[in-house]
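Residue numbers (UniProt numbering): 1 to 450.
Written as structure tokens, this is what we have:
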């Protein structure tokens, strides 16, 4: 495709499901795979018949039907496919931001060490899908493979394009500002001043794009800091300069081992004190904090200590139902990578809370935790592979390729299990398409039989 020029490819239909227009048929003409039928579900074009064309049912006519071993199905009856909510009014009682993945360009001739080749049309189409459900987008975060395939130049372009798209559709967007133009792993140790200047550069890009900044945890600061004071000085200066309230992000080492000892200590109690000291110094410049430690009790204790008006955005992909529901002392909003695949369910759950039905909220969201725990199983930083798999199976993109070649970061049994769990939750608008694609993936890698 011609990068930088929007096409009609990947734009959501009136049902909010992206097309995959432009796939060649055996005659070399574009098909209409993925366009909704009158029922609002994508077709299953691409499943071959003996004539090379789908029947009116989209299934093979005289071919042998694939066995369960070749095309695995979920081990429990799935719930009906989840449809977009598409209410005109936004979510009221909780703010949800989904950290969104990027869609690679599978046709680009690049190696894992090259700058990322991004399919911008498909990437932006997925953001429109999230906005259609009522969620905001957390852009250029770790789910977008910051530091794991997407460099600062690619992230900068992503921020600018996504922020422009958000303005066009009226969607909420927050974008990560970090220091990944510095690379301490290359052997050149940065100074705290280097870190601050790198943050300032990225903060300016986010603000100029019109997005809310998320001050991301910095590998370079973790390498340069000699104690808590370096964190207090760096973040204090950034908050002073910020043109609007930011989200402060504390990312634990389970997501990025280079962040071990962040805030100047490995003692989490002492680190929490330093983190809260940063917030307390400029609460007017902090919209909220995102806590990604996978420790529900610690998050609850921390949010009780926040200054009035400062939100807690949970980044806990294991305990989000109870944290979002809250207790007598408060609740968390959310900025979660797991809401990339779970956006339809998360939106329905919060609308139940909006209607005053916390029991329905938990009934919708609690069953998703098994999938979330599977996707974020150690090594947690490779959760992105499962997230992109599910986007492909759900028809949001036409391939399972990731920037940096990260599609190989999880085993086939892990991916098969993710498919099964997602199928039970009804996350696939077209279950037949998902089954066909999962079976093809397993078969081509020699795992199509049990």
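Note that CB positions come from ideal geometry on N, CA and C, so glycine has one too.
How is the alpha helix (DSSP H) around residue 241 delimited, first residue to last?
228–241
Can you tell me which residues form a DSSP beta bridge with residue 201?
None, per the DSSP bridge assignment.
Measuring only from the beta carbon, is residue 210 closer than 6 angstroms to any heavy atom that is part of the ligand GDP?
The model depicted lacks the ligand GDP and carries no ligand whatsoever.
Within 10 angstroms of its Cβ, does residue 292 collect 16 or more other Cβ (buried), or is it exposed?
buried
Quick test of the definition: if touching needs 3 or more C-beta pairs under 8 angstroms, does the region 322–337 touch the region 111–125?
no
Is the separation between the beta-carbon of residue 195 and that of residue 221 shorter than 7 angstroms?
yes
May I ask you to verify whether the region 413–427 touches the region 150–157, counting CB pairs closer than 8 angstroms and requiring at least 3?
no
Using C-beta distances below 7 angstroms, list every residue in its chain close to residue 66, excluding the 5 sequence neighbours before and after it, in chain order.
Per-residue confidence for residue 66 stands at a pLDDT of 40, beneath the threshold of 50, marking its modelled position as unreliable; the derived number appears in the next sentence. Non-local beta-carbon contacts of residue 66 in its own chain, meaning distances under 7 angstroms to residues more than five positions away in sequence, involve 439 in chain order.
For residue 313, which beta-bridge partners are listed by DSSP?
Note: residue 313 sits in a beta bridge opposite 290, 333.
Quick one, are the C-beta atoms of residue 361 and residue 349 less than 7 angstroms apart?
yes
So, residue 124 versus residue 98, is the Cβ gap smaller than 7 angstroms?
no
With H, G and I counted as helix, E and B as strand and the rest as coil, what does DSSP make of residue 96?
strand
For residue 388, which residues from the same chain have a beta carbon less than 6 angstroms from its beta carbon, with the 5 sequence-adjacent residues on both sides left out?
101, 402, listed in sequence order.
Going by the beta-carbon positions, is the gap between residue 307 and residue 283 smaller than 7 angstroms?
It is a contact, given that the beta carbons lie within the stated cut-off.
Counting only the same chain and skipping the five closest in sequence on each side, list residues whose C-beta sits under 7 angstroms from that of residue 263.
228, 231, 271, 274, 275
DSSP has residue 247 in a bridge; who is on the other side?
214, 288
Quick check on this structure: which residue in 179, 445, 303, 233 has the alpha carbon closest to the alpha carbon of residue 326?
303
Where the beta strand (DSSP E) containing residue 176 begins and where it ends
173–177
Length of the line joining the Cα atoms of residue 369 and residue 381:
17 angstroms
Taking buried to mean at least 16 other C-beta atoms within 10 Å of its own C-beta, is residue 396 buried or exposed?
Here residue 396 is buried, its C-beta having at least 16 other C-beta atoms within 10 Å.
Nearest to residue 249 by alpha carbon, out of 146, 288, 257, 353?
288
What would DSSP say about residue 146, mapped onto helix, strand or coil?
Residue 146: strand per DSSP, three-state reduction.
Considering only residues of the region 331–415, which uninterrupted beta strand (DSSP E) runs meet the minimum length of 3 residues and lie entirely inside it, listed in chain order?
333–336
Between the Cα of residue 298 and the Cα atoms of 281, 311, 277, 323, which residue gives the shortest distance?
Of the listed residues, the one whose Cα sits closest to residue 298 is 323.
Close-in-space but distant-in-sequence residues of the same chain around residue 103 (CB under 6 angstroms, 5 per side omitted)
119, 122, 123, 397
Let me know the secondary structure DSSP gives residue 462 once reduced to three states.
Past the edges of the chain, shown from 1 to 450, lies residue 462, and the structure says nothing about it.
Pull up the DSSP beta-bridge partners for residue 327, would you.
330
Could you name the residues that DSSP lists as bridge partners for residue 118?
104
Does DSSP put residue 274 in a helix, a strand or coil?
In the three-state scheme derived from DSSP, where H, G and I count as helix and E and B as strand, residue 274 is classed as helix.
Please classify residue 265: does DSSP put it in a helix, a strand, or coil?
Residue state, collapsed to three classes: coil.
Residue 143 burial status per 10 Å Cβ neighbour count (16 or more: buried):
buried
Looking only at its chain, what residues have a beta carbon closer than 7 angstroms to the beta carbon of residue 279, apart from the 5 residues adjacent to it on each side?
248, 286, 289, 306, 307, 310
For the alpha helix (DSSP H) containing residue 297, list its first residue and its last residue.
296–304
Buried or exposed for residue 191, going by 16 or more other Cβ atoms inside 10 Å?
Looking at its Cβ environment, which holds fewer than 16 other Cβ atoms inside 10 Å, residue 191 is exposed.
Counted within 10 angstroms of its Cβ, other Cβ atoms place residue 446 as buried (16 or more) or exposed:
exposed
Quick one: Cα of residue 345 to Cα of residue 180, how far?
33 angstroms
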